[in-house]
Amino acid sequence: MRWKAFAGCLTLLGLTLTAAPAQAHGRDPGRVVLGAHDGWAAATTGTTGGAAAAPGDVHTVTKRSELAAALAAHPGAPKIIYVRGTIEGNVDDQDRPVSCEGFADPAYSLPAYLAAYDPATWGKVPPSGPLEEARARSQANQAKQVVLDVGANTTIVGLGPATLHGLTLRVIGDNVILENLHFSDAHDCFPQWDPLDTADGNWNSEYDNLDLVGATHVWVDHNEFSDGGNVQQPSYYGRKYEVHDGLLDIVNGSDLVTVSYNRLREHDKTMLIGNTDKPTYDVGKLRVTLHHNLFSDIGQRAPRVRYGQVHVYDNLYLVPDPADYTYSLGVGVQSKIYAENNFFRIPAGLPLGQLVHYWKGTALHATGTLVAQGNQWPRPVDLLAEYNAANDPDLGSDVGWTPPFVERLDPAWAVPALVLTGAGPGR
Ligand code: CA
Ligand code: CA
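Using mature numbering (1 follows the signal peptide of the UniProt record, and there is no 0), the letters of the sequence shown correspond one by one to residues -24 to -1, 1 to 403.
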């Protein structure tokens, strides 16, 4: 859709998105470990995933049942899982396709749900009662198939083109590497109506393509995250029937994460780091490094941060359509974003103060930013000054830390070429 037209426009930058080359270098991609200084996941013990796996703990999987079995095998032992081809998540235990209707509880139907909880008759009250309970049972039926847990000391890597479609990988252990995968279209068949989310209410969904839940030492490298073209949804009660949640959410006290050279595209709520304002398990954690990622045609949350010391450097932000765009950097409660040398290409007329959004944070470090607006040449922009000029109260510039783990900080002018040729699977 828009992506194709937009990719064409990239030639304005003298750049093209080329087809992924074949796996290069002859090295075993399952045995790769994180560099000693490559972001927060390099802290303390570093991140090696399953690189030390014994021969019996190396698996190659081509369908959901095999992936689920490999993930469950020999817990805690170093483990390498190679993925070939497309793994479909919306299947039964014998890998036969299951439709949304197939997951539905007998007592649930969308028409009945829409009739029962219409704010015009039900009021602005969260749904409850038998139909909501049937929706929740339906969602649990789907979750049982599409959500797969990834435990400690695991590497999952695509061999050639490898897609996880309709699946949520939920990382819950320490020391995990995810590489060379296309995470596509984790969709919820049973979105829930929340009349109290915004003034107009919202349809909210459960599944992220990748979810880090209390996970530590995680390296997410050279992957692609998208809705897989599943972008057209109807509206009910005047709001989009949103079937997606995040592309990559990092929550519940997750810590020491490096997200490098990924492509994240065509999605609204992209990356949430910390999912509650309550200072429970997140204080002092949620330390994440994001570098050399492509955020293309993203609505919001690139990322949205609470609590964490998050280093955001050398990322490329492409905003093709202001109608789809809310903001990029979300400054949440006690967030400590240290943004350096990022490159933004945005439409003419988009206010520069909109690139940053206030979510109850107090400070933002943002230096070395280049912005190319409309057909203009890139120019240095002080994101913090632009935000403060347009908004009150102002954000401060001192986030209280400087990033200790940086392998290579490139100048922002080099970022478009480096990211467009280097980010994503097969690079
Ligand atoms: Ca989520
Ligand atoms: Ca101001």
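Cβ atoms here follow ideal geometry from the backbone N, Cα and C, with glycine treated the same way. Quick caveat: nothing in here was measured; it's all calculated off a predicted structure.
Residue environment, residue i, which counts as buried when at least 16 other CB atoms sit within 10 Å
i              : result
serine 272     : buried
tryptophan 389 : exposed
lysine 254     : exposed
glutamine 285  : buried
lysine 336     : exposed
threonine 234  : buried
tryptophan 353 : exposed
histidine 1    : With a pLDDT of only 49 at histidine 1, under 50, the local geometry of the prediction cannot be trusted, and no value is derived from it.
asparagine 291 : buried
glutamate 77   : exposed
proline -4     : Note that proline -4 has pLDDT 39, beneath the 50 cutoff, so the model's placement of it is unreliable and the number below is only indicative. Label assigned to proline -4: exposed.
serine 181     : buried
threonine -9   : The predicted position of threonine -9 is uncertain, since its pLDDT is 45 and thus under 50; a value taken from the coordinates is nonetheless stated next. Exposed, by the Cβ-count rule.
residue 434    : For residue 434 there is no data in the structure shown, the boundaries of the chain being -24 and 403.
leucine 154    : buried
alanine 116    : exposed
glutamine 118  : buried
alanine 138    : buried
threonine 131  : buried
proline 210    : exposed
alanine 399    : buried
leucine 232    : buried
proline 379    : buried
proline 356    : exposed
proline 387    : exposed
N-terminal and C-terminal residue of the alpha helix (DSSP H) that residue i is part of
i                : result
asparagine 117   : 106 to 122
tyrosine 213     : Neither: tyrosine 213 is in no alpha helix (DSSP H) and is coded neither H nor E.
serine 41        : 40 to 48
leucine 360      : 359 to 366
leucine 294      : Element bounds for leucine 294: not the alpha helix (DSSP H) but the beta strand (DSSP E), 292 to 294.
leucine 90       : 86 to 92
valine 391       : 391 to 398
tryptophan 98    : 95 to 98
phenylalanine 79 : 76 to 79
Inter-residue Cα distance where the pair is residue i and residue j
i              : j             : result
aspartate 229  : lysine 261    : The sequence shown places glycine at residue 229, rather than the aspartate named in the question. C-alpha separation (whole angstroms): 6 angstroms.
glycine 15     : threonine 38  : 31 angstroms
proline 401    : glycine 134   : 8 angstroms
valine 281     : tyrosine 314  : 11 angstroms
tryptophan 377 : alanine 48    : 39 angstroms
tyrosine 87    : leucine 172   : The question names tyrosine, yet the displayed sequence has proline at residue 87. One C-alpha to the other measures close to 21 angstroms.
serine 304     : valine 332    : 6 angstroms
aspartate 184  : leucine 294   : 22 angstroms
serine 114     : tyrosine 93   : 17 angstroms
valine 34      : leucine 43    : 12 angstroms
threonine 338  : tyrosine 301  : 23 angstroms
valine 395     : arginine 403  : 10 angstroms
asparagine 351 : leucine 270   : 20 angstroms
glutamate 64   : arginine 72   : 9 angstroms
threonine 265  : threonine 345 : 17 angstroms
leucine 90     : tyrosine 334  : 33 angstroms
arginine 146   : threonine 21  : 22 angstroms
isoleucine 249 : valine 152    : 18 angstroms
serine 311     : valine 189    : 18 angstroms
leucine 359    : threonine 24  : 36 angstroms
aspartate 69   : glycine 136   : 25 angstroms
arginine 277   : proline 298   : 15 angstroms
valine 59      : glutamine 208 : 29 angstroms
tryptophan 98  : serine 75     : 29 angstroms
proline 323    : glycine 61    : 37 angstroms
leucine 328    : proline 279   : 17 angstroms
Span of the beta strand (DSSP E), counted from its first residue to its last, around residue i
i                 : result
tyrosine 303      : Element bounds for tyrosine 303: n/a, residue is neither H nor E.
tryptophan 195    : 192 to 197
asparagine 178    : 178 to 180
alanine 348       : 346 to 349
tryptophan 335    : 332 to 335
residue 406       : Residue 406 is absent from the model: the chain starts at -24 and stops at 403.
glutamate 64      : 55 to 64
phenylalanine 201 : 200 to 202
leucine 224       : 224 to 227
Cross-strand partners of residue i (DSSP beta bridge)
i                 : result
leucine 248       : Arg280
leucine 145       : Leu124, Leu186
tryptophan 169    : Trp179
glutamate 316     : Tyr289, Thr343
phenylalanine 271 : Leu240, Tyr293
glycine 134       : Val59
leucine 140       : Ile63, Phe159
histidine 35      : Ile57
(message) I want to know whether the region 74 to 91 touches the region 108 to 120 - three or more CB-CB distances under 8 angstroms.
(response) yes
(request) Flag this pair as touching only if the region 4 to 20 and the region 185 to 203 have three or more C-beta atom pairs under 8 angstroms; answer yes or no. (result) yes
(message) Could you check whether the region 47 to 67 touches the region 25 to 37, counting it as contact only if at least three pairs of C-beta atoms, one from each stretch, sit closer than 8 angstroms?
(response) yes
(message) When you compare the region 201 to 212 with the region 233 to 241, are there three or more beta-carbon pairs, one atom per stretch, that lie closer than 8 angstroms?
(response) yes
(request) Give a yes or no on contact between the region 95 to 104 and the region 120 to 133, applying the rule of three or more CB pairs nearer than 8 angstroms. (result) no
(message) I want to know whether the region 218 to 229 touches the region 163 to 171 - three or more CB-CB distances under 8 angstroms.
(response) yes
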